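Trainee: The structure under discussion is supplied below as structure tokens; questions concerning it will follow.
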Amino acid sequence: MPELPEVETTRRGIAPHIEGRRVTGVVLRRPDLRWPIPREVAELLPGQVVDSVDRRAKYLLLNTSAGTALLHLGMSGMLRVLPADTPIAKHDHVDIAFDTGSVLRFTDPRRFGALLWQMPGETHELLEGIGPEPLTDDFDGERMYQLSRGRTAPVKTFLMDNAVVVGVGNIYASEALFAAGIDPRRAAGKVSRERYLRLAQEVKRILALAINRGGTTLRDFLAPDGAPGYFFQELFAYGRAGEACKVCGTPIRVVTLGQRASFYCPHCQR
DNA sequence: CCTGGCCCCTGCAAGC
DNA sequence: TGCTTGCAGGGGCCAG
1 MPELPEVETT
11 RRGIAPHIEG
21 RRVTGVVLRR
31 PDLRWPIPRE
41 VAELLPGQVV
51 DSVDRRAKYL
61 LLNTSAGTAL
71 LHLGMSGMLR
81 VLPADTPIAK
91 HDHVDIAFDT
101 GSVLRFTDPR
111 RFGALLWQMP
121 GETHELLEGI
131 GPEPLTDDFD
141 GERMYQLSRG
151 RTAPVKTFLM
161 DNAVVVGVGN
171 IYASEALFAA
181 GIDPRRAAGK
191 VSRERYLRLA
201 QEVKRILALA
211 INRGGTTLRD
221 FLAPDGAPGY
231 FFQELFAYGR
241 AGEACKVCGT
251 PIRVVTLGQR
261 ASFYCPHCQR
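This is the structure:
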């Protein structure tokens, strides 16, 4: 489900309800999601005030003085702030209750999501060594160009590599390459500096625009307030196989790259 | 080091 | 209608 814009939309949705609020209890309805849920979540989080809700890559970080809860939504995860007495539904795996009478409820049918813990001053090993945030100046086309030299993997796979830049998933990789006019199958090492400069610009523009639209709802993504993401209407490539390119009318094609469906216009992208 | 493939899991839609 | 198959927004891990 969620790429960076959807995770950021989720962050903005939950933050006003839980920042500055005290956790009164944690309910784990199963001991694991993708990984076992560390004991610190149940032992240290209750009683803490959530000082801030941050995002790093596709992780949400609930910061407290005792440590940070890391939440990842995987493919199908969803977070909502609900009244504490809201009935439990299937796949409602975790509740974090607050002194406001609300609970932050984590729902995730496929359980590719995660709930982890990071002690104060530490960086979780999964966050070590990952690339820059795409919407900061640490990410630019020059970086992509330098890292890509000699690489034979498709440029789309390269763009989705978390060591290169974080947060760009399957939808926005296709969209950014469309906007930059680059064929997703092209070897990363054979894309020019000039084209990487353009690609980085488009990544930034598209992610910012998608956040502005509340993300992309393909089937089930809803923001914590229940709103769908409206960027779906602005997709040029993703999910449009066989449909006419919105720019030139050529049918959009789909090809599998890195075990992921990749959509492109054979006329606009070279 | 880099690359491609596999796997985790459930739900849904399409095809027979 | 019901069964089977394939696919889905992520990403860690492994062998080559």
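Read the first sequence against full-length UniProt numbering and you will find it ends at 270, with the numbers running on by one and no gaps.
Positions of the beta carbon are idealized from the N, C-alpha and C atoms, including for glycine.
This structure is a prediction, so every number in the text was calculated from the model and none was measured.
1) With distances taken between CB atoms, is the gap from G77 to A223 smaller than 7 angstroms?
2) I'd like the span of the alpha helix (DSSP H) that includes A179, first residue to last.
3) In whole angstroms, what is the alpha-carbon distance linking G189 and E6?
4) Nearest CA to the CA of K246: which residue from S102, L235, V49?
5) When the Cα atoms are used, what is the spatial distance from T86 to G101?
6) Figure out for me which residue from A241, Q259, T216 has the closest Cα to the Cα of E154.
7) Please list, in chain order, all residues of the same chain as Q146 whose beta carbon is under 6 angstroms from its beta carbon, the five residues on each side excluded.
8) Which stretch, first to last residue, makes up the alpha helix (DSSP H) that contains I14?
9) Could you give the uninterrupted runs of the alpha helix (DSSP H) lying entirely in the region 117 to 152, keeping only those of 4 residues or more?
10) Taking the CB atoms as reference points, tell me whether E3 and I171 lie closer together than 7 angstroms.
11) Quick check on the burial criterion: 16 or more other C-beta atoms within 10 angstroms. Buried or exposed for I88?
12) Can you tell me which of L199, F232, F221, C265 puts its alpha carbon nearest to the alpha carbon of G242?
13) Drop a sphere of 10 angstroms on the beta-carbon of M144, count the other beta-carbons inside from all chains shown, and report buried for 16 or more, exposed for fewer.
14) Just curious, the alpha helix (DSSP H) that T157 is in, first and last residue?
15) Looking at the secondary structure, which residues open and close the beta strand (DSSP E) in which Y196 lies?
16) Is the region 57 to 70 touching the region 42 to 49 in the sense that three or more CB pairs, one from each, lie closer than 8 angstroms?
17) Under the three-state reduction of DSSP, which class applies to R22: helix, strand or coil?
18) Candidates L135, Y196, R105: which alpha carbon is nearest R55's?
19) How would you write the range of the beta strand (DSSP E) that V103 sits in, first residue to last?
20) Name the two residues that bound the continuous beta strand (DSSP E) containing A69.
21) Does the region 127 to 141 come close enough to the region 92 to 101 to have 3 or more Cβ pairs within less than 8 angstroms?
22) Classify L257 as helix, strand or coil using the three-state DSSP reduction.
Mentor: Based on what the coordinates show:
1) Annotated as distal: G77 and A223, with beta-carbon spacing of 7 angstroms or more.
2) That run of the alpha helix (DSSP H) goes 170 to 180.
3) CA-CA distance, G189 to E6, rounds to 30 angstroms.
4) Closest option to K246, Cα to Cα, is L235.
5) T86 and G101 have their C-alpha atoms some 11 angstroms from each other.
6) Note on identity: in this sequence residue 154 is Pro, with Glu being the wrong assignment. Between P154 and the set A241, Q259, T216, the nearest pair of CA atoms involves Q259.
7) For Q146, where only same-chain residues beyond five positions count, there are no Cβ hits under 6 angstroms.
8) Residue range 4 to 18 is occupied by the alpha helix (DSSP H) that includes I14.
9) DSSP runs (the alpha helix (DSSP H)) wholly in the region 117 to 152: 141 to 148.
10) Closer than 7 angstroms, so yes.
11) Burial call: exposed.
12) Taking only the C-alpha atoms, the option nearest G242 is C265.
13) That one is buried.
14) It spans 155 to 159 - the alpha helix (DSSP H) in which T157 sits, taken as one unbroken run.
15) Element bounds for Y196: not the beta strand (DSSP E) but the alpha helix (DSSP H), 193 to 212.
16) Enough Cβ pairs lie closer than 8 angstroms, so yes.
17) It is a strand residue.
18) If we check each option's Cα against that of R55, L135 comes out closest.
19) It spans 102 to 107 - the beta strand (DSSP E) in which V103 sits, taken as one unbroken run.
20) Note, A69: beta strand (DSSP E), 67 to 72.
21) By the C-beta criterion, the region 127 to 141 is judged not to be in contact with the region 92 to 101, since fewer than 3 inter-stretch pairs fall below 8 angstroms.
22) Reduced to three states, the DSSP call for L257 is strand.
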